[in-house]
Amino acid sequence: MLDKLEAIKNRWKEIEKQMNEPSAMADMKKFIQLNKSYKELQPVVGGYETLVNIERNIESARDVLKNEKDEEFRAMAKEELNDLLQRREELEEEVRLMLIPADPQDGKNAIVEIRAGSGGDEASIFAGDLYRMYLKFCENKNWKLEGVDVTEGTVGGFKEIIFNVIGDNVYGQMKYESGVHRVQRVPQTETQGRVHTSAASVVVLPEADEFDIDLKPADIRKDLYCSSGPGGQSVNTTYSAVRLTHIPTGIVATCQDQKSQMKNYQKALSVLRSRIFEMEYQKYLEEISSKRKTMVSTGDRSAKIRTYNYPQGRVTDHRINFTMYNLQSFVDGNIQEIIDQLQLAENAERLKAEVAGT
């Protein structure tokens, strides 16, 4: 492992050298890629340097045990050696996980789309509950949330809502929410007190930037229309809402969240770029999922991933068969524990696949 880590450190130093060359800024796309690689390798290099230091200390402790006659010194060296050996084992496990290629999109911002599914008005109300859950979760993480497009439900909630989440490693956390979420409870519209089952789908996309997708203006049709819903006097009086259609693929993105047509255009363009990028990204996901069995973060988006059972106060994630009985706290945005469990499951799977040589 140390030889492999030394090669990574040499590569990291080479990238640092390239970034410091006077001509580095001439090709901005290449510079951004170098900077990204530099940051990704930095924790591995730090782990390697710590391992090398531990190895030196282990040799020193063994040398004391071999040559020292004083029993007090020998006892201290033996205790230190045991601690160092344990620390080395733990650090090797950490570094081994770092060496497994991560999802290259994990560090990006995310575009989240929530849509009401089966269940009529109750499904729209549930979609609204999911939105508020993510809103509170993002606030806890100090992530910024920006609206893109919204279609409200007839009795509350949303038929569809799309928003951006901006912050550190957003997609790496939010990607686990993609899939069908199912709720079991007595709806507000139910007069007989019967428990109903409704559903809403969540799609989380990594936000693509201009370096990921080269969109040609000639391939995009731009349509303007009047905004609907909240917005004050500008609603239905100015053509500020924007619909963009990518002609080669037929992919459509809309935005009516802002009063400014230009701001709506930029947001719609970001969504369009991300949806086009996702087509290529899905090929990457399919290639990985063929090598692993559960793929907790990138499974079929039509698959049921989680159930929120209100009568029992229970939330169950079906990908890892993990159940918690703190439903109210969960829908109040405290979802980090289940994301951590999903990450642990995926990391264990990645290690297993790496050991098997896949």
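So the mapping is simple: my numbering equals the position in the sequence shown, first residue as 1, plus 3. Beta carbons are placed, not taken as given, at the ideal position from N, Cα and C, and that holds for glycine.
With 16 other Cβ atoms within 10 Å as the buried cut-off, status of residue i
i: lysine 178; result: buried
i: lysine 286; result: exposed
i: threonine 157; result: exposed
i: isoleucine 114; result: buried
i: asparagine 329; result: exposed
i: aspartate 171; result: exposed
i: phenylalanine 166; result: buried
i: glycine 49; result: exposed
i: isoleucine 338; result: buried
i: tyrosine 228; result: exposed
i: alanine 130; result: buried
i: aspartate 6; result: exposed
i: lysine 219; result: exposed
i: lysine 16; result: exposed
i: aspartate 73; result: exposed
i: glutamine 261; result: buried
Own chain partners of residue i with C-beta closer than 6 Å, once the 5 adjacent residues on each side are dropped
i: arginine 91; result: Ile57
i: glutamine 236; result: Residue confidence is low: glutamine 236 scores 42 on pLDDT, short of 50, so the model does not pin down where it sits. Its coordinate-derived value is still stated next. Answer for glutamine 236: no residue qualifies.
i: lysine 296; result: Residue confidence for lysine 296 is low, a pLDDT of 47 falling below 50, so the modelled location carries little weight; the figure read from the coordinates is stated next. Nothing listed; no residue qualifies.
i: lysine 270; result: Val151 and Cys258
i: glycine 175; result: Asp109
i: glycine 120; result: Ala126, Ala202, Ala203 and Ser204
i: valine 183; result: Ala202, Ser204 and Lys307
i: isoleucine 61; result: Leu87
i: arginine 59; result: none
i: alanine 256; result: Leu247, Ala271, Val274 and Leu275
i: glycine 302; result: Confidence at glycine 302 is low in this model, with a pLDDT of 45, below 50, so the placement of that residue is unreliable and no value is reported for it.
i: isoleucine 128; result: Gly159 and Gly160
i: tyrosine 313; result: Arg188
i: glycine 234; result: With a pLDDT of 44 at glycine 234, under the threshold of 50, the predicted position of this residue should be treated as unreliable, though the coordinate-derived value follows. Same-chain partners within the cutoff: there are none.
i: threonine 319; result: Thr310 and Thr326
i: glutamine 264; result: Ser243
i: aspartate 343; result: none
Opening and closing residue of the alpha helix (DSSP H) in which residue i lies
i: aspartate 124; result: 124-143
i: lysine 20; result: 5-22
i: leucine 227; result: No alpha helix (DSSP H) holds leucine 227; the beta strand (DSSP E) holding it covers 223-228.
i: leucine 330; result: 330-334
Neighbourhood of residue i by C-beta, 8 Å cutoff - its chain only, sequence neighbours within 5 removed
i: histidine 199; result: Gly122, Glu125, Gln187, Arg188, Val189, Pro190 and Glu193
i: threonine 252; result: Ile279 and Met282
i: proline 46; result: Met101
i: isoleucine 18; result: Leu37, Ser40, Tyr41 and Leu44
i: aspartate 335; result: Met136 and Lys139
Opening and closing residue of the beta strand (DSSP E) in which residue i lies
i: glutamate 95; result: Note, glutamate 95: premise wrong, no beta strand (DSSP E); alpha helix (DSSP H) at 74-102.
i: glycine 175; result: Unbroken run through glycine 175 is the alpha helix (DSSP H), 173-177; no beta strand (DSSP E).
i: lysine 307; result: 307-312
i: leucine 218; result: That residue, leucine 218, is in no beta strand (DSSP E); it is neither H nor E in DSSP.
i: threonine 252; result: Unbroken run through threonine 252: none, as it is neither H nor E.
i: alanine 119; result: 113-119
i: arginine 2; result: This structure gives no information on residue 2, because the portion of the chain shown stretches from 4 to 361.
Chain D within 7 Å of residue i, Cβ atoms only
i: glutamate 283; result: The structure shown contains no chain D; it is built from a single protein chain.
Heavy atom of the ligand NAD within 6 Å of residue i beta-carbon
i: isoleucine 216; result: The model on display carries no ligand, and the ligand NAD is accordingly not part of it.
Nearest-angstrom Cβ-Cβ length linking residue i and residue j, presumed shorter than 8 Å
i: leucine 208; j: serine 273; result: About 10 Å separates the two Cβ atoms, so there is no contact after all.
i: arginine 322; j: isoleucine 341; result: Not a contact, Cβ separation roughly 10 Å.
i: phenylalanine 161; j: isoleucine 223; result: Phenylalanine 161 to isoleucine 223, Cβ: 27 Å. No contact.
i: leucine 84; j: tyrosine 51; result: Leucine 84 to tyrosine 51, Cβ: 21 Å. No contact.
i: alanine 80; j: valine 98; result: The Cβ separation is near 26 Å, so there is no contact.
Neighbourhood of residue i by C-beta distance below 7 Å, restricted to the same chain and skipping five residues each side
i: lysine 225; result: Val245 and Leu247
i: tryptophan 146; result: Val168, Ile169, Gly170 and Val173
Handout entry: Contained beta strand (DSSP E) runs [length at least 3] in the region 29-53, N- to C-terminal order
Key = Runs of the beta strand (DSSP E) lying entirely within the region 29-53 and spanning at least 3 residues: none are present.
Problem - Contiguous alpha helix (DSSP H) assignments of at least 4 residues, all confined to the region 146-215 - result: Taking only runs of at least 4 residues, the alpha helix (DSSP H) segments lying wholly in the region 146-215 are 173-177.
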